[in-house]
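Report on the following structure.
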Amino acid sequence: MCTAHHEIDVGSGFVGRERRGTVTEKIFEIAMNIMGFFFSQKEMAMIRGKYADSGGLINYEKLVGDMEVHSDLSHMDELSKKEAQRQKAEDDEKDKEQFRRETNIVEVCAKIKKLLICNKKKMSDLIGQRDPEGRGLVTWETFRACCDEAGLDLTDQELKTVHHVFKSEENPVLIEYPLFTRVVDEHSVMTCLVRLPLKQEMQQRREPKPPLQHDFVNFEDRICISQAMKILCKHITLGHIDMFKALDTQGRGYVNRSQFLQLLHKLGVLHLVTMRQIDSLTRGFGHSENHDYVLDYTAWLKAIDIVFCTEKAAMKL
């Protein structure tokens with residue numbers, strides 16, 4: 001908040017207004033701005049709470065009276081101090097974040113790499129011209145001159161970070177630029193800054209899972225499956241697949257019998273089917289593994305969806 005000198009006649013700022021002792025908040029702000037008073041949203045909320053009537057109008061006469069009694073605006077100064085402290089805390093936090101970025105060599109190199117690509121420059125070419133003997137070492141002044149030529153707008157802290165990482169161990173005045181150029185030039189192969197080559201990325205992709213082999217079910221199992229599906233299709237849909245995926249932590253595509261029972265209980269339908277029907281479902285939509293049955297939940301939920309649509313269509317006939 002910017003405050004004016006206490007000799008300013010604040011009441012005169014409202015002359016010619018509605019002359020009822022109250023004005024709208026908008027008119028109040030305009031009048032105060034003309035007189036050099038600028039309030040933050042928090043300060044306006046405090047003024048509104050103290051001087052606004054039930055209709056939301058600001059009682060400026062009461063405000064003027066308070067300002068005449070307290071012409072030094074001490075309460076406003078306190079608000080201003082708090083606002084200044086808050087702003088200072090925000091600025092300090094921004095400075096800390098800026099310092100963290102400028103001292104992080106990965107972020108600094110990423111910034112340099114981006115600028116080099118945009119400016120179509122290569123540090124290896126610029127620095128190499130100043131190292132005719134090919135020693136791989138240049139002075140810090142030469143290095144900085146090359147950075148300026150490449151159009152790198154680096155802060156002093158960023159330059160210090162680069163110097164700290166790429167300086168020569170034998171002579172800190174010299175920079176081992178081949179290490180630097182391999183990181184920042186466009187042909188860089190540093191995995192922390194660029195994507196993997198397409199061929200390598202394809203090799204790292206997961207192999208597709210083989211389709212699950214479902215066990216053969218007999219006629220009795222088919223009857224049990226049909227009965228269970230007609231019951232469950234009224235309560236379970238393909239939209240519940242996320243609940244199954246949450247239990248399938250390895251992404252294998254199936255859940256075991258215990259997890260299946262747990263999900264049916266969570267959905268509130270476990271009491272609607274028998275254990276015999278559940279065993280038939282796991283045999284019909286899964287396979288045996290380590291002396292236990294696992295259920296291919298995607299296939300089962302798709303079948304549930306088909307049964308539901310079929311039942312719904314049959315009711316319309």
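Residue numbers (full-length UniProt numbering): 1 to 317. Idealized CB from N, CA, C, for every residue including glycine.
For residue 62, the closest alpha carbon among the candidates 137, 256, 298 and 28 is that of 28. The Cβ-Cβ distance between residue 236 and residue 304 falls below 9 Å.
The beta-carbon separation of residue 123 and residue 184, rounded to 6 Å, stays under the 8 Å limit for a contact.
Straight-line measurement puts the Cα of residue 88 at about 10 Å from the Cα of residue 95. Between the alpha carbons of residue 146 and residue 100 lies a gap of roughly 25 Å. Contact annotation: residue 108 and residue 154 have beta-carbon atoms nearer than 9 Å. Here residue 150 is buried. Its C-beta has 16 or more other C-beta atoms within 10 Å. Excluding sequence positions up to five before and after residue 121, its CB lies within less than 6 Å of the CB of 150, all in the same chain and listed in chain order.
Considering only 105, 243, 143 and 309, the residue with the shortest C-alpha distance to residue 260 is 243.
When secondary structure is reduced to three states using DSSP, residue 38 falls in the strand class.
Shown here for residue 51: same chain residues with a beta carbon closer than 8 Å to its own, the five before and five after excluded, namely 58, 59, 60, 62 and 63 in chain order. Just so you know, the alpha carbons of residue 301 and residue 241 end up roughly 7 Å apart.
Inclusion of residue 295 and residue 252 in the CB contact set at 9 Å is not warranted, their separation being larger than that value.
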